[in-house]
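S.K.: Protein chains in written order, with my numbering: chain W, 3 to 303; chain F, 32 to 293. In this text, a Cβ means the ideal position worked out from N, Cα and C, and glycines have one as well.
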Amino acid sequence: MPNAHLTDVSLRAPAKVRGLPNRAGIGLKSQHVAEIIETLPELGFFEVHAENYMVAGGPFHHFLQQIRQHYPLSIHGVGLSIGGVDPLDTAHLQRLQILLERYQPESFSEHLAWSSHGQNYFNDLLPVAYDAATLDRVCAHVDQVQSLLKRQILLENPSTYVEFADSSLTEPQFISAIIQRTGCGLLLDVNNVYVSATNHNWDAQQYIDALPLHAVREIHLAGFSEDLDSLGSRLLIDAHGSAVDQAVWTLYADVLQRLGPVPTLIERDDDVPALQHLLAEADIAEQHLQHAAAARKQACR
Amino acid sequence: MSNQTTFSQALLNPEQPCPDGLRSWNGSDPAQRFAIYRNNVTRSLIDALADTFPVVAELVGADFFNLLAHSYIQHSPPTSRLLVEYGETFADFIQGFAPAASVPYLADVARLEFARVRAYHSADITALTPVAIAEVIGQPEHLANMTFALHPSVQIVHSRFAHVSIWAAHQGTHDLAAVDSQCAETALILRNRLIVEVMAIQPADAAFISALQQGQPFAKAAELAMDVVAEFNLSPPLAHLINTAVIVGYAYPGASLGNNHV
Chain W
3 MPNAHLTDVS LRAPAKVRGL PNRAGIGLKS QHVAEIIETL PELGFFEVHA ENYMVAGGPF
63 HHFLQQIRQH YPLSIHGVGL SIGGVDPLDT AHLQRLQILL ERYQPESFSE HLAWSSHGQN
123 YFNDLLPVAY DAATLDRVCA HVDQVQSLLK RQILLENPST YVEFADSSLT EPQFISAIIQ
183 RTGCGLLLDV NNVYVSATNH NWDAQQYIDA LPLHAVREIH LAGFSEDLDS LGSRLLIDAH
243 GSAVDQAVWT LYADVLQRLG PVPTLIERDD DVPALQHLLA EADIAEQHLQ HAAAARKQAC
303 R
Chain F
32 MSNQTTFSQA LLNPEQPCPD GLRSWNGSDP AQRFAIYRNN VTRSLIDALA DTFPVVAELV
92 GADFFNLLAH SYIQHSPPTS RLLVEYGETF ADFIQGFAPA ASVPYLADVA RLEFARVRAY
152 HSADITALTP VAIAEVIGQP EHLANMTFAL HPSVQIVHSR FAHVSIWAAH QGTHDLAAVD
212 SQCAETALIL RNRLIVEVMA IQPADAAFIS ALQQGQPFAK AAELAMDVVA EFNLSPPLAH
272 LINTAVIVGY AYPGASLGNN HV
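Pasting the structure below:
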């Protein structure tokens, strides 16, 4: 049963609404909105960035309300700065609360990262050191968000380009501890796993094995761009500007084999192609999901 | 000082060294890896500015816009987590940016573009219907002292240059070569239901609309417009406000506040 662990994990933050379906979804891009409303493509869900909808009114809300009537919705935040040393921005939390009240999304997720410091907002997901002090801080922030929103949130594993000499835990150990202490869910970004594993010479399979996979509620897939470090080793950048790489599809198939079907998002934020291209990528994910569901059924017989 | 403080300072200032305490698995240069973050921050903010100011970007070309936007980001990095709010002071920055001095209308085009983004995301408030407005205006005993509430998308941007015509030329509706940039124009920006509209209006019309927006009574607003041009005719600007659905309420002394009759 896919929900076998739900009661353990969500004790402290019960979800108000049902989760996303175990199907493929895509990120909602403003250039596709009219076509989506007109054609209502067959799709499991849409995901939007929370901050884009923290505006008073206008076309963004007008169209999202229409789309919301036809599809499950995931709201994905990039601005909370959960990994930041500063206290969470209460005005931002309040805006978030209003947004979630309005759209009642099946899922809300954020990042294991920081994006602001002092007065400045950086619009990027910046890395944290994996030590005891950071763990306490991140857990306190997740607790604060979950108790305010009265729901379980999902936290996404990061893609990183540097490691901190001060880190005393591995990334999977750090993520496991957050999930254990706060009861939040895991948004497993398989592209981020591949990017970080390449950039830090980790074994991606071992990394995934070390995560609390029972807590995975959603998977993200995206494309990366490629660079070299100063010694000529591969350095991957989480660019969201190209199709999902074959290596990431392979890792994804492996994750599904272990987990069964999980709601899966195709992310694209740069060089956004025609809607058909994203739907075709979602279709590949959908085939993996159906395969995983069939395999699961077979195993239960 | 937290490592996030030094990290932040180095992100925004390329002259700051790479923060201490970073490492890589193979001993490769952490500074090069850190530069990816610096580049991501800068690139994403330049892209955000290009989204808000597409005509400014077209007017100066990609290379110059990158330089301009990069300088602005270092001077005024975002303080809001909402990128749609970023760039409020971009026009003022352009005005003081010496390399842009040869494009004297650039700052006013930026003001117009920022007003468009504001209008696009402004609150949804249902307008009075033309029938309701006709009824209201048909009370001559109250009209002179009546005040009107305008939709929050309504903004007026004055320029010593032809910023509206220059902007319109980049929407494919005007020929840029035919625009005399030295002619002063006044822009009226508003959102008509879901569509943001930009039009050049007469200075007297702008005085009338601004006065209404500031809560001046109808007669006083017309008087202020006549101070600009004695033969001011209030019918065209009033009809425009009605037709674009931006009159959202009215009030007059002795009456309870009228709203949009929803």
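#1: Quick check on the DSSP output: the alpha helix (DSSP H) that includes W:His-202 runs from which residue to which?
#2: If you measure between the beta carbons of W:Tyr-73 and W:Leu-101, is that distance less than 8 angstroms?
#3: In whole angstroms, what is the alpha-carbon distance linking F:Asn-70 and F:Thr-160?
#4: Closest to W:Gly-234 by CA distance: which of F:Ser-39, F:Thr-36, F:Leu-42 and F:Asn-57 is it?
#5: Are any of the Cβ atoms in chain W nearer than 8 angstroms to that of F:Ser-17?
#6: Taking Cβ positions, are F:Ser-39 and W:His-119 nearer each other than 8 angstroms?
#7: With burial defined as no fewer than 16 other Cβ atoms inside 10 Å of the residue's Cβ, what is the status of W:Thr-184: buried or exposed?
#8: Counting only Cβ-Cβ distances shorter than 9 angstroms, please list the residues of the stretch 32 to 53 of chain W near chain F, keeping chain order.
#9: I'd like the ranges of any alpha helix (DSSP H) spanning at least 4 consecutive residues and lying wholly in the stretch 65 to 145 of chain F.
#10: I'd like to know whether the C-beta of F:Gly-169 is nearer than 8 angstroms to at least one C-beta of chain W.
#11: Whole angstroms is fine: what's the gap from W:Leu-258's alpha carbon to W:Ile-210's?
#12: Pick out whichever of F:Ala-250, F:Tyr-136 and F:Ala-199 has its Cα sitting closest to the Cα of F:Ala-27.
#13: Which residues mark the beginning and the end of the alpha helix (DSSP H) in which W:His-290 is found?
#14: Quick one: Cα of W:His-222 to Cα of F:Ile-187, how far?
#15: On the CB-based measure, 16 or more other CB atoms within 10 Å of its CB, does F:Arg-191 come out buried or exposed?
#16: Tell me whether W:Tyr-123 sits in a helix, a strand or coil according to DSSP, three-state version.
#17: Smallest Cα separation from W:Phe-226: which of W:Leu-215, W:Arg-219, W:His-242 and W:Ser-232?
#18: Could you check if W:Cys-302 is buried or exposed, using at least 16 other CB atoms within 10 Å of its CB as the buried criterion?
#19: How far does the alpha helix (DSSP H) with F:Thr-275 in it reach, from first residue to last?
#20: Is there a C-beta anywhere in chain F that falls below 8 angstroms from the one on W:Val-164?
#21: Alpha carbon to alpha carbon, how far is F:Ala-146 from F:Phe-84? Give it in angstroms, no decimals.
#22: Only counting runs of 3 or more residues, tell me where the beta strand (DSSP E) segments fall wholly within the stretch 186 to 236 of chain F, in order along the chain.
#23: Exposed or buried, what is W:Val-144 when buried is set at 16 or more other beta-carbons lying within 10 Å of its beta-carbon?
#24: Leaving out five residues on either side along the sequence, give the residues of the same chain with a beta carbon under 8 angstroms from the beta carbon of W:Arg-70.
#25: What first and last residue would you give for the alpha helix (DSSP H) that runs through F:Leu-174?
#26: Excluding the 5 residues preceding and the 5 following W:Leu-261 in the sequence, name in chain order all residues of the same chain whose CB lies nearer than 7 angstroms to its CB.
#27: Distance cutoff 8 angstroms, beta carbons only. Does F:Pro-109 sit that close to anything in chain W?
#28: Helix or strand or just coil, what does DSSP make of F:Ala-165?
#29: I need the DSSP call for F:Ala-62, collapsed to helix, strand or coil.
#30: For W:Gly-187, I'd like the list of residues in its chain whose CB is within less than 6 angstroms of its CB, leaving aside the five on either flank, ordered along the chain.
#31: Drop a sphere of 10 angstroms on the beta-carbon of W:Arg-236, count the other beta-carbons inside from all chains shown, and report buried for 16 or more, exposed for fewer.
#32: Would you kindly work out how many angstroms separate the C-alpha atoms of F:Thr-73 and W:Val-197, rounded to a whole number?
#33: Would you mind sorting F:Glu-166 into buried or exposed? The rule is 16 or more other CB atoms within 10 Å of its CB.
#34: Exposed or buried, what is W:Gly-79 when buried is set at 16 or more other beta-carbons lying within 10 Å of its beta-carbon?
#35: Please determine, among F:Ile-168, F:Ala-158 and F:Ser-107, the residue with the shortest C-alpha to C-alpha distance to F:Tyr-283.
#36: I think F:Ala-141 touches F:Ala-122, with their Cβ atoms under 8 angstroms apart; what is that distance to the nearest whole Å?
M.R.: In this structure, then:
#1: Following the DSSP letters along the chain, one finds W:His-202 inside the alpha helix (DSSP H) bounded by residues 192 to 202.
#2: no
#3: 51 angstroms
#4: Minimum Cα distance to W:Gly-234 is reached at F:Asn-57.
#5: Nothing in the structure corresponds to residue 17 of chain F, since chain F is present only between 32 and 293.
#6: yes
#7: Under a 10 Å Cβ-count criterion, W:Thr-184 is classified as buried, with 16 or more other Cβ atoms of the shown protein chains found around its own Cβ.
#8: Listed in sequence order: Glu-53.
#9: Taking only runs of at least 4 residues, the alpha helix (DSSP H) segments lying wholly in the stretch 65 to 145 of chain F are 85 to 91, 93 to 106 and 121 to 126.
#10: no
#11: 12 angstroms
#12: In the structure as shown, chain F begins at 32 and stops at 293. Residue 27 of chain F is therefore absent and cannot be evaluated.
#13: 277 to 302
#14: 44 angstroms
#15: So F:Arg-191 counts as exposed.
#16: strand
#17: W:His-242
#18: exposed
#19: First-last for F:Thr-275: undefined, no H or E at that position.
#20: yes
#21: One Cα belongs to F:Phe-84, the other to F:Ala-146, and the distance between them is close to 10 angstroms.
#22: 186 to 190, 216 to 223 and 226 to 232
#23: Classification of W:Val-144: buried, given that the 10 Å Cβ count is 16 or more.
#24: Tyr-105
#25: 171 to 174
#26: Leu-215 and Val-218
#27: yes
#28: Correct three-state label for F:Ala-165: helix.
#29: helix
#30: Gln-154, Leu-156, Ala-217 and Arg-219
#31: exposed
#32: 21 angstroms
#33: exposed
#34: buried
#35: F:Ile-168
#36: 4 angstroms
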